[in-house]
Amino acid sequence: MEKKKIYITRKLPQAIYTKLADEFEVKMWDKEDQPVPREILMEEVKEIDGLFCLLTETIDREVIENAPRLKVIANMAVGYNNIDIDTATEKGIVVTNTPGVLTETTADLTFALLMATARRVIEASDYLRNGEWKTWSPMQLTGQDIHGATLGIIGMGRIGQALVKRAKGFDMNVAYYNRSRKPEIEEEMGIRYMGLEELLQQSDYVSLLIPYSPAVHHLIGKKELSLMKQSAILINTARGGIVDESALFNALKTGEIWAAGLDVFEVEPMLLDSPLLTLPNVVTLPHIGSASEKTRLKMADLAAENIIHVLNGGAPITAVNG
Ligand code: DGY
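Each residue of the sequence shown is one higher than the one before, counting from 1 in our numbering.
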C-alpha cells in the first residue's frame, strides 16, 4: 500500500524525523534557521496527508485549498493563530497544537524576563562590559522590587497558573483578569480577580498570557498603558499583536510606565530599526518562551504523535478543532 505523505516545514531533530519516516513518506525543509519560502510550501502541500508546521508558517485558506488530501495540520506550538482554523474545519482537517508540555518552561522564562526587567540585569551587564562601572554608588542601576509587589496576570490558563506558583514563591500578591472567572483557582492559589482597568491600575507588573486572536488585537494600547502606574512593568510572552507597539514606545519614552520585557513582537523577527530598541528600559528576547532543550523536543514529539494518531485513523491527542 502506498505510504501516506508528510511535509515538515523545518529541519527537526533526527529522532523526531525518524519517528515519522518509519511510517510515512516524509519530506522536510532542510534549513534550521530559515523558514520554508511560501512558494515552496505551496508546492509541497499539493499531495500531502499530514503537515508538521511551526508558528512561522501562515497556513491560510490558500495553502489549505492547495492541499486537497490534507487530513492533519500539527503545529509545533501551543498558539495556533498562524492557522486558519475555520477553513481547516470546513475541509475536515484536524488541527493540533502542543499544550501542557511547554507550560512550566514558558512560566520560567516569563518570570526570568520579569526579574531581568525589574532589576535591569541586561543593562547592568552592558554597563560593566562597556567600562562604565567606575564606582559603587547609592542609586546606581536601581530597579523595582519583586517581593511584596502586585503581579496582574491577563489570562489564567495553564501558563498563567504556573506563573502564579513562581510569584507566590517571591511573596508577590497576584491578581488576574480572564474572559471567565475561575473561583476554584482563586481559592486554591490565593489570587484575586479584577476587571481589566482595575488590574492595570493596581499592578506593579502586568503579564500577558492570553492566546492571540483578532478579538485581543491591541488589547493593550494607549488608553490601557495610561492606566498603569508610572513604576509599572509590562511583560509580554504571549503574542506581539496583543500590544500596540507604537503606543508602548510612547509610554516607555515619556515615563508613563517604567519598563517592558518583551519576548514577542508585532513583526517577528523584530526589525532592528524598531524604535523600541533605542530605549534602555526595554528587555527584548527572540521569542524563546518555550526554548529549553527538553521542552522543544517534547513539543516536536507531541506534534509528530498527533500526525501518527490521525493518519492511522485514531483520535488526535491535542486537537484544537473538531
Ligand atoms: C507557542 O507555543 O505558542 C510559543 O509561542 C512557542 O513555544
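Even glycine gets a Cβ: it sits at the ideal position worked out from N, Cα and C.
Secondary structure of residue i, DSSP reduced to three states
i: Tyr193; result: strand
i: Met299; result: helix
i: Asn306; result: helix
i: Ser207; result: strand
i: Phe170; result: coil
i: Tyr127; result: helix
i: Leu339; result: Any question about residue 339 goes unanswered here, given that the chain covers just 1 to 322.
i: Phe52; result: strand
i: Ala291; result: coil
i: Lys31; result: coil
Span of the alpha helix (DSSP H), counted from its first residue to its last, around residue i
i: Gly148; result: Unbroken run through Gly148: none, as it is neither H nor E.
i: Val63; result: 61-65
i: Tyr17; result: 14-21
i: Leu262; result: Run containing Leu262: none in the alpha helix (DSSP H); it sits in the beta strand (DSSP E), 259-262.
i: Leu41; result: 38-44
Residue nearest to residue i in terms of C-alpha spacing, selected from the options
i: Glu44; options: Leu297, Ile64, Thr56, Gln34; result: Ile64
i: Thr106; options: His309, Ala315, Val320, Gly289; result: Gly289
i: Ser226; options: Pro211, Ala215, Leu196, Ala238; result: Leu196
i: Gly314; options: Pro13, Ile257, Asp33, Lys71; result: Lys71
i: Arg69; options: Lys5, Pro286, Lys19, Gly155; result: Lys5
i: Glu245; options: Gln230, Pro211, Thr284, Ile210; result: Thr284
i: Ser207; options: Glu198, Lys168, Leu151, Arg38; result: Leu151
i: Met194; options: Ala175, Asp84, Tyr205; result: Ala175
i: Val26; options: Ile59, Ile8, Asp86; result: Ile8
i: Pro37; options: Asp49, Leu54, Glu47; result: Leu54
i: Lys182; options: Lys168, Gly160, Ala88; result: Gly160
i: Leu297; options: Ile122, Met76, Ile48, Asp49; result: Met76
i: Asn321; options: Gly79, Ile85, Ala74, Gln34; result: Ile85
i: Asp108; options: Val282, Met139, Ile317, Ile235; result: Ile235
i: Met172; options: Gly157, Gly190, Asn178; result: Gly190
Assigned exposure category for residue i - 16 Cβ within 10 Å defines buried
i: Trp136; result: exposed
i: Thr254; result: exposed
i: Asn130; result: exposed
i: Gly261; result: buried
i: Ile40; result: exposed
i: Ser203; result: buried
i: Leu163; result: buried
First through last residue of the beta strand (DSSP E) which encompasses residue i
i: Met28; result: 25-28
i: Ile323; result: The chain is shown only over 1 to 322; residue 323 falls outside these bounds and no answer can be derived.
i: Lys5; result: 5-8
Alpha helix (DSSP H) runs contained entirely in the region 214-247, provided each spans 4 or more residues: 222-227
List, from N- to C-terminal side, the beta strand (DSSP E) runs of 3 residues or more that fit wholly inside the region 70-121. 72-75, 94-96
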